[in-house]
Amino acid sequence: MEFTEPYKQTGPCCFSPDARFLAVAVDYRLVVRDVLSLKVVQLFSCVDKISSLEWAPDSEYILCGLYKRPMVQAWSLSQPDWTCKIDEGPAGIAYARWSPDSRHILTTSEFQLRLTVWSLVNTACVHVQWPKYASRGVSFTKDGKFAAICTRRDCKDYINLLSCHSWEIMSVFAVDTVDLAGVEWSPDDSAIVVWDSLLEYKVLIYSPDGRCLFKYLAYESGLGVKSVAWSPCGQFLAVGSYDQVVRTLNHLTWKTFAEFTHTASIRSPCNAAIFKEVDDPWQLDMSELCLSEGFSRNMQDNGAENGTEGGGSRVKYSVMDVPITLPSTKPATDKPNPKQGIGMLSWSSDSHYFFTRNDNMPTALWIWDICRLELAAVLVQKDPIRAAAWDPTCTRLVLCTESSHLYMWTPSGACCVNIPLPNFRIVDLKWNSDGSCLLLKDREFFCCAAIVSALPEEGPDRSDESSEDDE
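Reading the sequence shown from the start, the letters are residues 1 to 471 in full-length UniProt numbering.
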């Protein structure tokens, strides 16, 4: 892999949808860089520190949320002198997002009093009263024609369907939830999935006209749904819950066809490759070297100060045999939102695999094969997994653990990549939309990485350790 030098950042960073530009927040400044050269293309100054960034779908405009003010500013990449400022006054702004047509901005006021649709074409605005959430509870169809907005009034949850052309409310229907937690259109825009809060396991599938197509309750008397994800092909719906199980539903009958359990002990029969991160100390043959006593003592002292104890900071994956017991933690019973259950769930671009992280096993990433309905691989890290993301163009997965290493998996194997930047620890990562570039974020800096060579095509050799890259 090839890495750029680090650049300063103090907040959100994101690629443009057309994969040409990178927007970076540096205090109150918005810096737009070219992806290929990372040269500054535009520099905009906001009136306060930038809390959030979002590109318009057409990559023409950039939205900056200044929620401490509270205010929203939008900028044009092709017209630097053009600017837009949105201020809701005493109502405040808790969150802002783009509409699919890139010409409207949706803002949610403080305390979820109303959701407002602002037009950049004219001065018209539309209000939707009592949105359920500030940043959640809004989903657009893939063709950008309709929006589903969750609202709540009189202790009841509703779905409001709006036309993204006229922003008129097309229909409103109540949903059978106690406390709606989220909503998501299916990839083919034919159905809407709604799920209840963690206090009750309930997943509901609705048609756009408000008919309930299916109601799924896996169990009662326990914490319920924690994560929901449609496969990109639209044929599968994966539901992760607090009981450490992922259940997948099919789009024809909406019945469950597979359950994937996350157990602390993996035993035979198991066809999955278990990759464990281990230290890879430098192998130096010093048997024939003659060092003075003072020089040897200085080397030992320096090694102790740096915490290396004579070894390097390299790591590698070692392929483990089953049975194996994964590190796990017991969640606190006296605190809300326990660290247990499926907290991360994401599908590969070809809908062949999906990965999960069971939050009470934070150092393990599980990769499942939906075609074989079995576990494909487990990556066991030394530190808790902070972020993971699929390559949008192929079956390649990268993850980070707030360490100086990047970890990668493909069906052919896994590897560890050392970041050649001093004191750079990856806390977040994002792919460019064309898969050509990877954004790596440290707490104060960011860099970009490009993959110049793929993993070998042959399968992993279980009798040896997998490769390690120091480029």
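For glycine and all other residues, C-beta sits at the position ideal for the given N, C-alpha and C.
Under a three-way DSSP split, which group does residue i fall into?
{"i": "Ala147", "result": "strand"}
{"i": "Gln112", "result": "helix"}
{"i": "Ala91", "result": "helix"}
{"i": "Pro12", "result": "coil"}
{"i": "Met344", "result": "strand"}
{"i": "Ser119", "result": "strand"}
{"i": "Glu184", "result": "strand"}
{"i": "Lys68", "result": "coil"}
{"i": "Gly307", "result": "Residue placement at Gly307 is poorly supported in this model, since its pLDDT is 38, which falls under 50; the coordinates still yield a value, given next. Correct three-state label for Gly307: coil."}
{"i": "Trp82", "result": "coil"}
{"i": "Ala167", "result": "Correcting the residue identity first, residue 167 is Trp in this sequence and not Ala. Here Trp167 sits in coil by DSSP."}
{"i": "Lys226", "result": "strand"}
{"i": "Glu220", "result": "coil"}
{"i": "Met408", "result": "strand"}
Going straight from the alpha carbon of residue i to that of residue j, what length do you get?
{"i": "Tyr329", "j": "Val193", "result": "What sits at residue 329 in the sequence shown is Thr, not Tyr. The alpha-carbon atoms of Thr329 and Val193 are separated by roughly 32 Å."}
{"i": "Ser45", "j": "Thr393", "result": "34 Å"}
{"i": "residue 478", "j": "Phe173", "result": "The first residue shown for the chain is 1 and the last is 471, placing residue 478 beyond what the model contains."}
{"i": "Phe355", "j": "Leu397", "result": "9 Å"}
{"i": "Ser102", "j": "Ala264", "result": "46 Å"}
{"i": "Gln79", "j": "Glu168", "result": "30 Å"}
{"i": "Ser99", "j": "Glu60", "result": "13 Å"}
{"i": "Pro57", "j": "Asp34", "result": "17 Å"}
{"i": "Ala19", "j": "Ser433", "result": "6 Å"}
{"i": "Phe214", "j": "Pro208", "result": "13 Å"}
{"i": "Pro362", "j": "Ser346", "result": "16 Å"}
{"i": "Pro327", "j": "Val239", "result": "24 Å"}
{"i": "Ala389", "j": "Phe111", "result": "32 Å"}
{"i": "Ile370", "j": "Arg153", "result": "40 Å"}
{"i": "Gly92", "j": "Cys14", "result": "25 Å"}
{"i": "Lys156", "j": "Pro131", "result": "12 Å"}
{"i": "Ile50", "j": "Gly341", "result": "33 Å"}
{"i": "Asn302", "j": "Arg425", "result": "At Asn302, the pLDDT of 47 sits below 50, so the modelled position is not reliable and the matter cannot be decided from this model."}
{"i": "Tyr7", "j": "Phe445", "result": "5 Å"}
{"i": "Thr256", "j": "Ser313", "result": "45 Å"}
Can you name, in chain order, every residue of its own chain whose Cβ lies under 7 Å from the Cβ of residue i, other than the five neighbours on each side?
{"i": "Phe260", "result": "Val245, Val246, Trp368"}
{"i": "residue 482", "result": "This structure leaves residue 482 out entirely; the chain is present only between 1 and 471."}
{"i": "Asp81", "result": "none"}
{"i": "Leu217", "result": "Tyr201, Lys202"}
{"i": "Gln42", "result": "Val32, Leu77, Pro80"}
{"i": "Arg443", "result": "Val427"}
{"i": "Trp431", "result": "Ala389, Asp391, Pro392, Leu438"}
{"i": "Thr10", "result": "Ala25, Val26, Asp27"}
Short of 6 Å in beta carbon distance, which residues of its chain neighbour residue i, apart from the five on each side in sequence? Order them along the chain.
{"i": "Gly435", "result": "Asp391, Pro392, Thr393"}
{"i": "Asp428", "result": "Ala387, Lys441"}
{"i": "Ile266", "result": "Val322, Ile324"}
{"i": "Asp87", "result": "Met71"}
{"i": "residue 487", "result": "With the chain covering only 1 through 471, there is no way to say anything about residue 487."}
{"i": "Phe236", "result": "Thr248"}
{"i": "Ser139", "result": "Ala148, Val183, Glu184, Trp185"}
{"i": "Ser351", "result": "Ser231, Pro232, Cys233"}
{"i": "Trp195", "result": "Ala181, Gly182, Val203, Val225, Val228"}
{"i": "Ala94", "result": "Thr108, Glu110, Ala134"}
{"i": "Lys382", "result": "Glu277"}
Using 10 angstroms around the beta-carbon of residue i, count the other beta-carbons present and answer buried if the total reaches 16, otherwise exposed.
{"i": "Val452", "result": "exposed"}
{"i": "Ser16", "result": "buried"}
{"i": "Trp75", "result": "buried"}
{"i": "Arg357", "result": "buried"}
{"i": "Cys150", "result": "buried"}
{"i": "Ser135", "result": "exposed"}
{"i": "Thr333", "result": "exposed"}
{"i": "Ala124", "result": "exposed"}
{"i": "Val178", "result": "exposed"}
{"i": "His104", "result": "buried"}
{"i": "Val40", "result": "exposed"}
{"i": "Asp279", "result": "exposed"}
{"i": "Asn160", "result": "buried"}
{"i": "Asn418", "result": "buried"}
{"i": "Asn360", "result": "buried"}
{"i": "Tyr219", "result": "exposed"}
{"i": "Gln73", "result": "buried"}
{"i": "Leu379", "result": "buried"}
Just list the residues that DSSP pairs residue i with in beta bridges.
{"i": "Thr325", "result": "Ser265"}
{"i": "Phe257", "result": "Phe257 pairs with nothing; no bridge assigned."}
{"i": "Asp279", "result": "Val315"}
{"i": "residue 535", "result": "Because the chain here runs from 1 to 471, residue 535 falls outside it and cannot be looked at."}
{"i": "Lys441", "result": "Asp428, Phe446"}
{"i": "Ser76", "result": "Tyr61"}
{"i": "Arg357", "result": "Met344"}
Spatial neighbours of residue i within its chain, please: C-beta separation below 8 Å, excluding the five flanking residues on both sides.
{"i": "Glu374", "result": "Asn271, Ala272, Trp368"}
{"i": "Leu198", "result": "Ala181, Leu223, Gly224, Val225, Lys226, Tyr242, Asn337"}
{"i": "Ala304", "result": "Bear in mind that a pLDDT of 41 at Ala304, under 50, signals an unreliable position, so the number given afterwards is only what the model happens to contain. So no residue of the chain qualifies."}
Tell me whether residue i counts as near the ligand ZN, meaning its Cβ is closer than 7 Å to at least one heavy atom of that ligand.
{"i": "Ser231", "result": "Inclusion of the ligand ZN in the displayed structure is not the case, the ligand content being empty and no account of it being possible."}
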